[in-house]
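First comes the structure, then the notes that go with it.
Number of protein chains: 2
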Amino acid sequence: MKLSTRTRYGTRALLELALHRSETPVFLKDIAREQEISLPYLEHIIAPLIAGGIIRSTKGPRGGISLARKPQDIRLIEITRLLEGSLAPVECIDNPGVCTRSSACVTRDVWTKMKEGMDEVLESTTLQDLVENHRKKSAAEPSMFYI
Amino acid sequence: MKLSTRTRYGTRALLELALHRSETPVFLKDIAREQEISLPYLEHIIAPLIAGGIIRSTKGPRGGISLARKPQDIRLIEITRLLEGSLAPVECIDNPGVCTRSSACVTRDVWTKMKEGMDEVLESTTLQDLVENHRKKSAAEPSMFYI
DNA sequence: AATAATGTTGACCATTATTGTCAACATTGT
DNA sequence: ACAATGTTGACAATAATGGTCAACATTATT
Numbered sequence: 001m002k003l004s005t006r007t008r009y010g011t012r013a014l015l016e017l018a019l020h021r022s023e024t025p026v027f028l029k030d031i032a033r034e035q036e037i038s039l040p041y042l043e044h045i046i047a048p049l050i051a052g053g054i055i056r057s058t059k060g061p062r063g064g065i066s067l068a069r070k071p072q073d074i075r076l077i078e079i080t081r082l083l084e085g086s087l088a089p090v091e092c093i094d095n096p097g098v099c100t101r102s103s104a105c106v107t108r109d110v111w112t113k114m115k116e117g118m119d120e121v122l123e124s125t126t127l128q129d130l131v132e133n134h135r136k137k138s139a140a141e142p143s144m145f146y147i
Numbered sequence: 001m002k003l004s005t006r007t008r009y010g011t012r013a014l015l016e017l018a019l020h021r022s023e024t025p026v027f028l029k030d031i032a033r034e035q036e037i038s039l040p041y042l043e044h045i046i047a048p049l050i051a052g053g054i055i056r057s058t059k060g061p062r063g064g065i066s067l068a069r070k071p072q073d074i075r076l077i078e079i080t081r082l083l084e085g086s087l088a089p090v091e092c093i094d095n096p097g098v099c100t101r102s103s104a105c106v107t108r109d110v111w112t113k114m115k116e117g118m119d120e121v122l123e124s125t126t127l128q129d130l131v132e133n134h135r136k137k138s139a140a141e142p143s144m145f146y147i
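In structure tokens:
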């Protein structure tokens with residue numbers, strides 16, 4: 001039940017973008033260095049976020065990426081949907097046809113509740129919430145500027 | 001974010017045991033057939049449940065396995081702990097040392113909430129709850145006797 | 001005691017998903 | 001024209017999962 005690194009790295013990259021207050025886009029290169037992700041891998045992680053309308057990108061010199069919307073309008077559930085897909089712990093939740101027992105299965109009901117618990121957290125949290133929490137933590141512990 | 005088949009199969013096997021009202025133990029062979037799991041694989045799934053004190057086993061002819069406790073005293077969280085380990089979506093929740101940013105990381109806080117949401121569901125559900133839900137569903141849809 | 005039916009254990013293997021890397025390309029500011 | 005960026009697709013390494021197989025241990029039955 002681990003999240004993929006795609007989702008972890010992607011979320012941290014988005015938070016870094018959200019923390020970047022200037023208008024100018026940020027280089028992938030810089031995010032890769034900050035977050036200790038290889039540049040080629042980060043490119044592949046960013047791609048679905050661009051396709052999903054969370055990130056805008058500009059090519060060429062002085063290019064880079066930036067948030068397509070304000071941080072308070074980006075919910076974490078969108079990020080995980082794009083990078084991780086559904087959080088359903090078992091296939092039969094999204095796809096009841098894969099198992100003939102789906103409708104009568106009571107373990108499936110439990111796994112469904114688990115999914116709902118996770119979804120609720122991610123639906124109710126925006127990038128802006130992360131930004132604010134980060135600022136609070138940074139204020140409390142000035143030495144910790146990491147994301 | 002999928003559960004392993006170990007956990008899914010193991011939970012279904014335990015539910016089958018819980019539904020089996022007689023005193024006599026159940027053959028692994030029979031559970032394997034009912035749940036469509038290969039016998040050798042089921043043996044490996046059962047092993048940690050025996051070691052964890054959820055299942056008792058008897059060797060020899062007329063042997064088999066049975067629940068070590070009453071269904072209302074077996075919480076699903078015990079099962080997932082034995083078969084899946086922690087539900088932490090990221091390693092740094094159980095093991096902050098793996099990442100120097102742990103204490104300052106705000107994404108980690110979100111993943112922690114996700115874990116707590118899942119744990120809450122599994123802590124508050126017992127095998128007996130599954131048994132009751134199963135009986136309700138069976139009564140409503142008599143043709144669906146599956147687990 | 002012999003035997004057959006069960007569960008136990010450990011070694012092993014196949015498949016798949018993840019996690020990347022690399023190279024060619026497209027775009028754009030200077 | 002060129003250099004700096006992002007884009008895309010093919011590919012590879014690695015690890016985890018899901019499973020098999022064979023040898024063994026135990027016990028009821030005869």
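Quick note, the sequences are listed as chains D and L, same order. Residue numbering for the first sequence is 1 to 147, as defined by my numbering. Residue numbering for the second sequence is 1 to 147, as defined by my numbering. Where a beta carbon is used, it is the ideal one built from N, C-alpha and C, also for glycine.
Roughly how many angstroms separate the alpha carbons of L:T58 and L:I65, rounded to a whole number?
-> 6 Å
Is the stretch 9-22 of chain D touching the stretch 68-86 of chain D, taking contact as three or more C-beta pairs under 8 Å?
-> yes
For L:E91 and L:G97, the rounded distance between their alpha carbons | 9 Å
From which residue to which residue does the alpha helix (DSSP H) around D:T125 run?
-> Here D:T125 belongs to no alpha helix (DSSP H), and DSSP marks it neither H nor E.
Taking D:R56 as the reference, which of D:P25, D:D94 and D:A139 has the closest Cα?
-> D:P25
List the DSSP bridge partners of D:T7.
-> Beta-bridge pairing links D:T7 to no other residue.
Which residues mark the beginning and the end of the alpha helix (DSSP H) in which L:I79 is found?
-> L76 to L83
Measuring CB to CB, does D:M118 end up less than 8 Å from D:L67?
-> no
Identity of the residue in D:F27, D:H134 and D:I46 nearest D:G60 by Cα | D:F27
Amino acids of chain D, ordered along the chain, whose beta-carbon sits closer than 9 Å to that of L:A13 | Residues of chain D passing the Cβ test: none, with the nearest at roughly 10 Å.
Figure out for me which residue from D:S22, D:A51, D:R6 and D:G53 has the closest Cα to the Cα of D:L39.
-> D:R6
8 Å Cβ shell around L:E84 - same chain, five flanking residues per side excluded | L3, S4, R6 and T7
Would you mind sorting D:K115 into buried or exposed? The rule is 16 or more other CB atoms within 10 Å of its CB.
-> buried
Opposite D:S57 in the DSSP bridges: which residues?
-> D:I65
Comparing alpha-carbon positions, which option in L:E141, L:A140, L:A139 and L:R135 lies nearest L:H148?
-> With chain L represented from 1 up to 147, any question about residue 148 of chain L goes unanswered, as that position is not in the structure.
Under 7 Å between beta-carbons, which chain L residues line up against D:N133? List them in chain order, please.
-> V106 and D109
With 16 as the cutoff for other CB atoms within 10 Å, does L:E123 come out buried or exposed?
-> exposed
Measuring alpha carbon to alpha carbon, tell me which of L:E132, L:K113 and L:A104 ends up nearest D:T125.
-> L:K113
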